[in-house]
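**Q** Got a structure for you, questions after.
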Amino acid sequence: MECGISSSVKAINAKALEVTFDKAIDTTKASIVVKKGNVIVNVDSMKFSDDKKSVTIDTTSKLTKGEYTVTVTGLSEEALVGKVTVADEKVAKINVLSETAPMDSTDKQYAYVNYEVLNQYGEKITNQSINWTVSTGKVATDAGPGKLRIESASGAAFIPGSKVYLTGVHGPTATVVNAEVTIGLESKAAVAEVKGVYNTATNKMEELPAGFASGKYALLFEVKDQYGNKMDIADTAFAANFTALSDNPLFIATPSTIKSTNITVDEVEYEALELVPGNDASKGGTANIQLISNNTGNKVSYKITADALPAVKNFTISAPSKLIAGKEKVEIPFEAVDQYGNAVTKFSALNSDVTLSPSSLFKFEKQQDGSAKLFYTAPTNTGATDSIQTLTTLISSNGNYSNVQLAVKPDAKAEAVIGLSKDISTKVASGNNEKIKGEDLLVQDQYGRTMTKDQLTSWLTATDVDGGDNAIVITSTAAATTPFEVKTVASSNADAATQVISLGSEVLTVEATTATGLASNNEKLVFSLSTAATPSATTAISSSAKSVTFTRVAQSEYVSYEVADLGTMYNDGVAATKTNAKYDVKPKVYGVTQDGSKVLLPTSKYTITTDAGAKLTVTDGVISDQITTGYVKEDDFVDANGAKKDIPVKVTILVNDGNGAAAATIEKNLVVSNTDQVAKTVTLSEEVVNGTAFIDRLTAGNQITADNLNSFVEEIKDQYGVVITPTADITISNVTKVEGSTLAVSGNATSGVVIDNASTGDKFTATYKYAGGQTATVNFVVSSTTTTP
C-alpha cells in the first residue's frame, strides 16, 4: 500500500481480510471500503486491534477468487489503497481425529471414524466429498458431518483391538489422508467440552446478562466419548448420560433441557443446553454450571458471571420551562440514576421501577430507540385562575420520592387574530375572488402562542371554555362604492357589512368587483373574534381584531402575463365517454405587476384554444375531454409502428385588454396521455416522523392488519397530480422482537399481510409497493399507546 500503510493486506480466513498500518491510526476518522473489481463487498463487521495498527474486516460472504481492493479515507489527503489476490476456498488437509473407531452400540459389524476437513486457512469446512477406501473391502458411508461408518469384512461383528486402514482422497485438490484405527468398544458419553453461551435470538455467542429471558440463551457444548471422538446424543438421552447442576440457582436455575435441534457456529455443530433464569436473575452474580458424565464421572464446570441489572436508585423530576394550560400535554424533565451511578434512560427500566401519580395523566412514553420520555397531560381548567397540580414519583424498592407542583393555567382560547395564512393572497384581480376558511387565519391564544388548527377547531366548538358558539367575525364596508364584496353562504351569498364564519362549515368569499370610477382599489377587512355565533358588543373579544387590506388589481396595472406549466393530462381513450372530470386541466393565468407580484386572473380575462380540434373542449377556462368525438385509444395513442405514444397539444391563451384587443398571446404545451394511472407521490400521515411511527392499532390477539398499516398513508397522487386510491402490496422486514414476543408475519408481500402476536416494543419495517413501482417505507414500533417518535 502507500501513504503510510504497509503492504500486508492479506486474507486471514475464508471471510476476513486484515489490513495493517505502519503506525497507530485515529480509528474515528478512518472510512474503509472493500471492493472486488468495481463491486462493493458487503462487510459484516470491522474490528481494530488494541494498538490501532491493524483492522480485521469480516465480510458477509466468503472470499472468492480474484483481486480485492481496500480503500481507506479520512487519514490523509489522499486515499490509502491496498490490494490482495485471493483464491477460492479449497480443501487443504484431511485429519482422522482418533486412533480408535468405536463399534456401533446395536450392530457391531459397524464402527465409526471421526475426521475433519480443513481449508487453506486451517478452518474446518463441511459438505466436502471425500472418497474413502477401507482395508475391510467394504464401502464406507457418511454418518453425519465429519463422521464415517465402516463395515467389517465378513459382515460379522468387529473384534475389539483389530486394525483397519483407511485412505481418504479429495479429488479436486488431490488432498490425501492415510490412517490406521483400532476397533474399540461402543462409545459412551465421557465428557462435555463447553463452547460458551449462545443467544438464540441474535444467533451469536454472547455473555449471559443478568435478568436474561427464558428460552433465549443456551450453553453450547460438544460431547466426546472415551476415545476422544465427538458424538451426538439425542435430546431425550441427555438425562441418562449427564447430570447438570447450577451452584447459584437464584441466578441460573438448574438446567435440564437439551434443544432438539443442534446449533451450528462457524460450521461446527454443538449440543445446546437451555439456560433458565432463577427466581432472582435480575441481581446476576456468579454461577458455575457443571456437566457431569453419568458414565465416567468426568466433571466439567463453566463459570458464568453477570453484574446485576441496572435498577433505578434515584429519580427526580422538575417543572417544565414552558407554560402549560388546561388539557395540554407537556414533557416533564427528569433525572434517573442506577445503583452504579449511571443515568437510566430505558423505558423498560423506568416504567417498571418508578411509580407515577396521578397515573392517568402522568406517564412514561417509549421512544423509537427504546428510551423513555415523561409526559403530563393537564386536566381541563375552566376557571379564571391557575390550578395547582402536584406530580409525584416513588421508587417502591427504596422509598426514593420526588414531587413537583405545576401551575396549570386556564384552558387556552383564541385571543387575537394576527394575520392570514401565506396561501391567501391579498391582491385580487378585478372580477376574481379569494376564498377564506377559518383555518386560514393565524390566531393567538391569551398566552401569546399561535394556535394550531386543532386548537382553533376546539375553540370554535360550542362546548368549549367560553360556553357558546365561538366565531370569527369579518367586518367590511358593504357599499356600491367599495372595490370588494364580502360574502358567505350563511348570508345567502350577499355582500354584508358583517359576516360570520366557523371552521369547516363556512367559507368567506372576498370578491373584487368590476365597478369603475371608484375612489380606491383598496378595502380594509377587519377579522375579530366573538364568544357567540351572533356577535354583539358584549360577545366581542376585545383587542382581538386584525385589519387586513385587500387590493383590487386593475387590468392597467399588469406589465406582463404568465401561464403556469400545464403538465400532462390523462385521457381514457374512449371516444364515446368523457374522461373523469378530475383529470380536466385549468390553466393558471397570471398578470404580473410592476413590483413583480403575480395576480391570478379570472377566466373572463382570457380565452383558451387548442390545436386538438374536436378532441378536446374548453369551457369556462377548463380544458376537458370531448364526450363523443374524443381521442380513441387504438388510433390516437399509437404510432405508425403500433408503439404507445403521447399526444402533444398546443394551447393558446389570449389575454384581453378589456377593450376587445389582445393584451398578450401565450402558447403553452400540454401533453395528453393514455398511460394508466399509477402511484407517483405517496404522502405519509403526520404520525410518521423521520420515517418512523408507533403503531397501536391492536385488535384481539395483538394482530396488526394491512388496514392498520395503510392508515399511515394519508394521500396518494398519480403521475397526473390527481388523488387516487390504489392498493399496495406490503412487505414486512427487519423484524426485531422484544423478549418473549412471538410476532409472526403471514401473507407477506401481499395486500393482505397480517402480523400476529405483536408485543409492545417489537419493531419492523413496512414497505408499501404500488403498481408502477412507487414505494414508501415506514419503520414501525409497536406501542400500547399513541406517542410521537
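To convert, note that position 291 of the sequence shown is 291 in our numbering; the numbers rise steadily by one, no gaps.
Every residue gets a Cβ at the ideal spot worked out from N, C-alpha and C, and that includes glycine.
All values derive from a computational prediction rather than experimental measurement.
State yes or no: is the C-beta of Ile304 within less than 8 Å of the C-beta of Ile252?
**A** In this structure, Ile252 lies closer than 8 Å to Ile304 by Cβ.
**Q** Please return the same chain residues whose Cβ sits closer than 6 Å to the Cβ of Val465, not counting the five positions on each side in sequence.
**A** With a pLDDT of 48 at Val465, under the threshold of 50, the modelled position of that residue is not reliable, and the figure given next carries that caveat. Closer than 6 Å at the Cβ level, and outside the excluded window around Val465, lie Thr382, Asp411, Lys413.
**Q** Can you tell me where the beta strand (DSSP E) with Gln626 in it begins and where it stops?
**A** Note, Gln626: premise wrong, no beta strand (DSSP E); not H, not E.
**Q** Which residue comes first and which comes last in the alpha helix (DSSP H) that contains Lys588?
**A** Element bounds for Lys588: n/a, residue is neither H nor E.
**Q** Under the three-state reduction of DSSP, which class applies to Lys578: helix, strand or coil?
**A** Note: Lys578 maps to coil in three-state DSSP.
**Q** For a quick check, are the C-beta atoms of Ala728 and Tyr770 less than 8 Å apart?
**A** Contact: yes.
**Q** From Ile730, Gln719, Tyr720, Val526, pick the residue whose C-alpha is nearest to that of Ser711; which is it?
**A** Of the candidates Ile730, Gln719, Tyr720, Val526, the one whose C-alpha sits nearest the C-alpha of Ser711 is Ile730.
**Q** Where does Asn400 sit, in a helix, a strand or coil, going by DSSP?
**A** Looking at Asn400 - three-state DSSP - the assignment turns out to be strand.
**Q** Less than 7 Å between C-beta atoms, sequence neighbours within five positions excluded: which residues of the same chain meet that for Lys586?
**A** Cβ within range, chain order: Gly621, Val622.
**Q** Is the Cβ-Cβ distance between Ala101 and Ile233 less than 8 Å?
**A** Contact: no.
**Q** By how many angstroms is the C-alpha of Val43 removed from the C-alpha of Ala30?
**A** Spanning the two alpha carbons is a distance of roughly 15 Å.
**Q** What are the complete beta strand (DSSP E) segments, minimum 3 residues, inside the segment 603-654?
**A** For the segment 603-654, whole beta strand (DSSP E) runs of length 3 or above, ordered along the chain, are 606-610, 616-619, 622-625.
**Q** So the candidates are Val337, Thr254, Ser430, Lys578; which of them puts its Cα closest to the Cα of Ser604?
**A** Ranking Val337, Thr254, Ser430, Lys578 by Cα distance to Ser604 puts Ser430 first.
**Q** Does the segment 12-27 touch the segment 52-65, meaning 3 or more C-beta pairs lie closer than 8 Å?
**A** At 8 Å Cβ cutoff, the stretches touch.
**Q** Closer than 6 Å by C-beta to Phe48: which residues in its own chain qualify, once you throw out the five before and the five after it? Chain order, please.
**A** Closer than 6 Å at Cβ, skipping near neighbours: Thr27, Val55.
**Q** Confirm, please, whether the CB-CB distance from Phe780 to Ile695 is below 8 Å.
**A** Yes, the Cβ-Cβ distance between Ile695 and Phe780 is below 8 Å.
**Q** Per DSSP, what are the beta-bridge partners of Val790 in this structure?
**A** The structure shown does not extend to residue 790, since the chain spans only 1 to 789, so no value can be given for it.
**Q** If Ser543 sits next to Val417, beta carbons under 8 Å apart, how far is it from one beta carbon to the other, in whole angstroms?
**A** Actually they do not touch by this definition, with Cβ atoms about 10 Å apart.
**Q** Suppose the cutoff is 6 Å on Cβ atoms and the five residues either side in sequence are ignored; what does the same chain contact list for Ala515 look like?
**A** Closer than 6 Å at the Cβ level, and outside the excluded window around Ala515, lies no residue.
**Q** Can you tell which of Met231, Ser673, Ser597 has its C-alpha closest to the C-alpha of Lys584?
**A** According to the sequence shown, residue 584 is Asp rather than Lys. Nearest C-alpha to Asp584: Ser673.
**Q** In whole angstroms, what is the alpha-carbon distance linking Lys487 and Gly596?
**A** The alpha-carbon atoms of Lys487 and Gly596 are separated by roughly 29 Å.
**Q** Closest to Ala372 by CA distance: which of Pro333, Tyr115, Met205, Asp225 is it?
**A** The shortest C-alpha separation from Ala372 is found at Pro333.
**Q** Residues in its own chain within less than 6 Å of Thr126 by CB, not counting five upstream and five downstream?
**A** The residues are Pro145, Glu267.
**Q** Got a sec, what are the start and stop residues for the beta strand (DSSP E) Ser246 sits in?
**A** 242-246 is the span of the beta strand (DSSP E), which, as asked, contains Ser246.
**Q** Evaluate the contact criterion for the segment 218-233 versus the segment 164-178: three or more CB pairs, one atom per stretch, below 8 Å.
**A** Contact fails: fewer than three Cβ-Cβ distances are below 8 Å.
**Q** Can you list, in chain order, the residues of its chain whose CB lies under 7 Å from that of Val404, leaving out five sequence neighbours each side?
**A** If we look at Val404 and ignore the five residues flanking it on each side, its Cβ neighbours are Ile317, Ser318, Ala319, Leu391.
**Q** Indicate the three-state DSSP secondary structure (helix, strand or coil) for Leu291 in the structure shown.
**A** Leu291: strand per DSSP, three-state reduction.
**Q** Between the Cα of Pro358 and those of Ser129, Glu331, Ser733, Thr377, spot the shortest distance and give me the residue it belongs to.
**A** The option with the nearest alpha carbon to Pro358 is Thr377.
**Q** To the nearest angstrom, report how far apart Gly658 and Gln555 are at their CA atoms.
**A** Cα to Cα, Gly658 sits roughly 7 Å from Gln555.
**Q** Could you compute how far the alpha carbon of Thr73 sits from the alpha carbon of Gly82?
**A** Going from the Cα of Thr73 to the Cα of Gly82 covers about 12 Å.
**Q** So Asn127 is in the alpha helix (DSSP H); what residue range does that whole segment cover?
**A** It is not in any alpha helix (DSSP H) - Asn127 carries neither H nor E in the DSSP assignment.
**Q** Let me know the secondary structure DSSP gives Gln446 once reduced to three states.
**A** Of the three classes helix, strand and coil, the one that applies to Gln446 here is coil, per DSSP.
**Q** Spell out a yes or no on whether the segment 560-578 and the segment 659-672 are touching, meaning 3 or more CB-CB pairs, one atom from each, closer than 8 Å.
**A** Output reads yes: the segment 659-672 touches the segment 560-578.
**Q** Assuming the contact rule is C-beta atoms closer than 8 Å, Thr59 and Asp88 should be a hit. Round their C-beta distance to whole Å, please.
**A** Not quite, the Cβ-Cβ distance comes to about 14 Å (not below 8 Å), so this is no contact.
**Q** Pro726: which of Val754, Asp676, Ile704 sits nearest, CA to CA?
**A** Measuring from the Cα of Pro726, the nearest candidate turns out to be Asp676.
**Q** Identify whether Ala349 lies in helix, strand or coil by the three-state DSSP scheme.
**A** Three-state result, Ala349: helix.
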